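Engineer:
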Amino acid sequence: MSEMEERLLVAVEKLAEKVERMGLIQEKLEAMDKKLENLAGGAAGSTVSDRDPNPDAGRDLVGDSRTTSGNNSKSSSVTTTQG
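Its first residue numbered 1, the sequence shown is counted upward by one per residue in full-length UniProt numbering.
1) Helix, strand or coil for residue 22? Go by DSSP, reduced to three states.
2) Might you give, ordered along the chain, the residues of its own chain that have their beta carbon closer than 6 Å to the beta carbon of residue 26, omitting 5 neighbours on each side?
3) Can you grab the Cα-Cα spacing for the pair residue 7 / residue 20, in whole Å?
4) Run through DSSP, which three-state label would residue 1 get?
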């Protein structure tokens with residue numbers, strides 16, 4: 001087998017691996033999509049009385065990302081001119 005044929009074979013094998021990984025990723029995405037559809041359908045079909053009015057009651061929310069309201073820091077810049 002020539003060097004060119006070997007390089008081509010290696011390239012084809014790498015491509016086959018990538019295609020296989022893409023297939024696995026596609027399966028995972030489809031499963032996630034189905035879960036999201038089920039969640040959306042469940043949320044759309046629920047009523048206010050079905051939902052817990054205070055789902056975080058009794059939970060320690062320190063460090064919970066849901067308790068932050070974004071970046072509250074303020075930044076400023078000062079420019080000076082020398083004359």
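Yeah, the Cβ is synthetic: ideal placement off N, Cα and C, and Gly gets one too.
Keep in mind the model is a prediction, meaning the values are calculated, not measured.
Structural biologist: Result, derived from the coordinates:
1) helix
2) none
3) Going from the Cα of residue 7 to the Cα of residue 20 covers about 20 Å.
4) coil
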